[in-house]
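> Reminder that position 251 of the sequence shown reads as 251 in UniProt numbering, one-by-one numbering, no gaps.
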Amino acid sequence: MKLTVYTISMLLLLSCTGKENNTDKKSLEERRELFGNGLNSIRYFGENRPKEEVIELGRMLFYDTRLSNDKTVSCSKCHLPQLSFSDALPKSIGAKYRLSHRNAQTLINTAAQISQHWNGNRKDVEEQAKKAFFFKGAYDLKDSSHLKKKLVDNNYNEAFKKAFNTELITSNENDILELSAKSIGAFERTLVGPAIFDDYLEGKDDVLNLEQKSGLKKFTQYGCIGCHNGNLVGGGMYQKFGVVEDPYKYTKSKNRDLGRYTHTKNEDDKEYFKVPPLRNVTKTSPYFHDGSVASLDEAIDIMGRVQLGVEIPKEDRKLIIEFLKTLETKEEHLKELTRIPDLP
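1) When the distance is taken between beta carbons, is LYS91 closer than 8 Å to SER84?
2) Distance, Cα to Cα, LYS240 vs ASP269?
3) According to DSSP, which residues form a beta bridge with LYS51?
4) Have a look at GLU298 and PHE288 and give me their C-alpha separation to the nearest angstrom.
5) What is the rounded straight-line gap between the Cα of ASP342 and the Cα of LEU57?
6) Is ARG122 helix, strand or coil by DSSP?
7) Contact between the stretch 313 to 324 and the stretch 129 to 138: three or more CB pairs below 8 Å?
8) CA-CA distance, LYS149 and GLU158?
9) Quick one: give me the first and last residue of the beta strand (DSSP E) that GLN116 is part of.
10) Could you compute how far the alpha carbon of GLY137 sits from the alpha carbon of ASN155?
11) Shortest alpha-carbon distance to LEU296 belongs to which of LEU324, LYS274, VAL275, LEU308?
12) Under 8 Å, do HIS79 and LEU107 count as touching if we go by C-beta distance?
13) On the DSSP bridge list, what partners appear for GLY259?
14) Identify whether ALA195 lies in helix, strand or coil by the three-state DSSP scheme.
15) Suppose the cutoff is 7 Å on Cβ atoms and the five residues either side in sequence are ignored; what does the same chain contact list for VAL293 look like?
16) Does the beta-carbon distance from ASN231 to LEU28 come in below 8 Å?
17) Starting from TYR248, follow the alpha helix (DSSP H) in both directions and report where the run begins and ends.
18) DSSP three-state label for SER86, please.
19) Taking the straight line between their C-alpha atoms, what separation do you get for MET60 and ALA111?
20) Check this for me: beta carbons of ASN119 and ARG260, under 8 Å apart or not?
21) Which class does LEU296 belong to by DSSP, given the choice of helix, strand or coil?
22) So what's ILE340 in DSSP terms, helix, strand or just coil?
23) Taking the alpha carbon of LEU264 as the point to measure from, which residue in VAL54, TYR238, ARG49 has its own alpha carbon closest?
24) Between the Cα of GLN217 and the Cα atoms of LYS77, LEU334, GLU322, which residue gives the shortest distance?
25) Look up residue 360 in the DSSP assignment and say whether it is helix, strand or coil.
26) Which word fits ASP124, buried or exposed, when buried means at least 16 other C-beta atoms lie within 10 angstroms of its C-beta?
Set out below in structure tokens:
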């Protein structure tokens, strides 16, 4: 059963009834009820972190453009580390200058989402990596034997041997594909981005200033929390884009996107999209699935109108943005996340 943003918002807001509706005075338990325990204690999104050689192989594959058909594309082309693993384009450009279907989201914390892509057509980062090798808008390789040849020609034998005790030349090409996807996924699972908001979830009240706390209060009161909740402040559900009004009236996008329906073919999924996590949202413009809005202030205004049926005043939008800044990955963590590897 699908719950509307109204229903979820009301349930969450009603849970606060009878208590002081002041974010600054909320107990640690109440914060965690809405946003989880935070990311400070997490360094890998998965049950078992593999050995470092597997992760390092994945890091190399992630950055290596030589592996694509025309030698211009890597995972990092659409997910640049200096842009918080997004690319600042409305829609990404793949092999042979093909335009992607949708806006590229940040990969920081992506492995903890319910699925990958706006329409949820990839169950996890490993499936996404595997299929990207053959997607025309990405690597555009012909088949797994094409990938194996690329790896052999570019001296990856030693790295595979260290990671999986596997000889590339004598191994089955389908096994090589699986191991390649596994290693890229392993690397992407290390892209955990703790923020100062996670310190707040640990009970450190003074890490947020008055404006940021007021922004969090507005974020909750308006009902944004209905969809943007949990550890990632989103990324845990699908929701219709345009619950109250037609969003295209405001975004001015020429082409309608049927969203999750394009994957499931279920009529009930038309114009439903995965709710994007809001971590690092202040650094990953443009916004929405088609990258149609450049300003975060405008995006918040549109979301208030089309999802919640409210007009959020300029001053309240400003406060919400101040709160969203607390979701930016800490600089000390970014330094390791954005380390560029030496390629073979």
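We treat Cβ as the ideally placed atom computed from N, Cα and C, and that holds for glycine.
The answer reads as follows:
1) Your numbering for residue 84 matches position 84 in the sequence shown. Your numbering for residue 91 matches position 91 in the sequence shown. No, the pair does not count as a contact, with Cβ atoms beyond the cut-off.
2) Here residue 240 is taken as the residue at index 240 of the sequence shown, counted from 1. Here residue 269 is taken as the residue at index 269 of the sequence shown, counted from 1. Distance between the alpha carbons of LYS240 and ASP269 is about 8 Å.
3) Sequence index remark: in the sequence shown, residue 51 carries index 51 (1-based). Among the bridge pairs identified by DSSP, LYS51 is matched with none.
4) The sequence position of residue 298 within the sequence shown is 298, counting from 1. The sequence position of residue 288 within the sequence shown is 288, counting from 1. CA-CA distance, GLU298 to PHE288, rounds to 11 Å.
5) The residue you call residue 342 lines up with position 342 of the sequence shown. The residue you call residue 57 lines up with position 57 of the sequence shown. If I take the Cα positions, the gap works out to 10 Å.
6) Stepping through the sequence shown from its first residue, residue 122 is reached at position 122. In the displayed model, ARG122 falls within a strand according to three-state DSSP.
7) They do not touch, by the three-pair rule.
8) On the sequence shown, residue 149 is found 149 positions in, with the first residue counted as 1. On the sequence shown, residue 158 is found 158 positions in, with the first residue counted as 1. Near 15 Å, if we compare the C-alpha coordinates of GLU158 and LYS149.
9) Numbered from 1 along the sequence shown, position 116 holds the residue referred to as residue 116. Neither: GLN116 is in no beta strand (DSSP E) and is coded neither H nor E.
10) By 1-based counting over the sequence shown, the position of residue 137 is 137. By 1-based counting over the sequence shown, the position of residue 155 is 155. Between GLY137 and ASN155, the C-alpha separation is close to 25 Å.
11) Position 296 of the sequence shown holds residue 296. Closest by C-alpha distance to LEU296, out of LEU324, LYS274, VAL275, LEU308, is LEU324.
12) Looking up residue 79 in the sequence shown gives position 79. Looking up residue 107 in the sequence shown gives position 107. Taking 8 Å as the Cβ cut-off, HIS79 and LEU107 qualify as a contacting pair.
13) Taking the first residue of the sequence shown as position 1, residue 259 is located at position 259. Paired residues: TYR272.
14) Position 195 of the sequence shown holds residue 195. Three-state result, ALA195: strand.
15) In the sequence shown, residue 293 corresponds to position 293, counting from 1. Excluding residues within five positions, the ones whose Cβ falls inside 7 Å are THR251, PRO286, TYR287, ALA299, ILE302.
16) Working through the sequence shown from its first residue, we reach residue 231 at position 231. Working through the sequence shown from its first residue, we reach residue 28 at position 28. Taking 8 Å as the Cβ cut-off, ASN231 and LEU28 do not qualify as a contacting pair.
17) Numbered from its first residue, the sequence shown carries residue 248 at position 248. Segment 248 to 251, the alpha helix (DSSP H) holding TYR248.
18) Here the question's residue 86 lines up with position 86 in the sequence shown. Correct three-state label for SER86: strand.
19) Along the sequence shown, read from residue 1 onward, the residue named residue 60 stands at position 60. Along the sequence shown, read from residue 1 onward, the residue named residue 111 stands at position 111. Near 18 Å, if we compare the C-alpha coordinates of ALA111 and MET60.
20) Taking the first residue of the sequence shown as 1, we reach residue 119 at position 119. Taking the first residue of the sequence shown as 1, we reach residue 260 at position 260. Yes, Cβ-Cβ distance for ASN119 and ARG260 is below 8 Å.
21) Translated into the one-based positions of the sequence shown, residue 296 becomes position 296. DSSP places LEU296 in helix when its eight states are reduced to three.
22) As a working mapping, residue 340 is identified with position 340 in the sequence shown. In this structure, ILE340 counts as coil in the three-state DSSP scheme.
23) Numbered from its first residue, the sequence shown carries residue 264 at position 264. The amino acid at residue 264 is misidentified as Leu; the sequence shows Thr. Per the Cα distances, TYR238.
24) Here residue 217 refers to the residue found at position 217 when the sequence shown is read from its first residue. The sequence shown places Lys at residue 217, rather than the Gln named in the question. Closest by alpha carbon: GLU322.
25) Absent from the structure is residue 360, since the part of the chain shown begins at 1 and ends at 344.
26) One-based indexing of the sequence shown puts residue 124 at position 124. By the Cβ-count criterion, ASP124 is buried, with 16 or more other Cβ atoms from all chains shown falling within 10 Å of its own Cβ.
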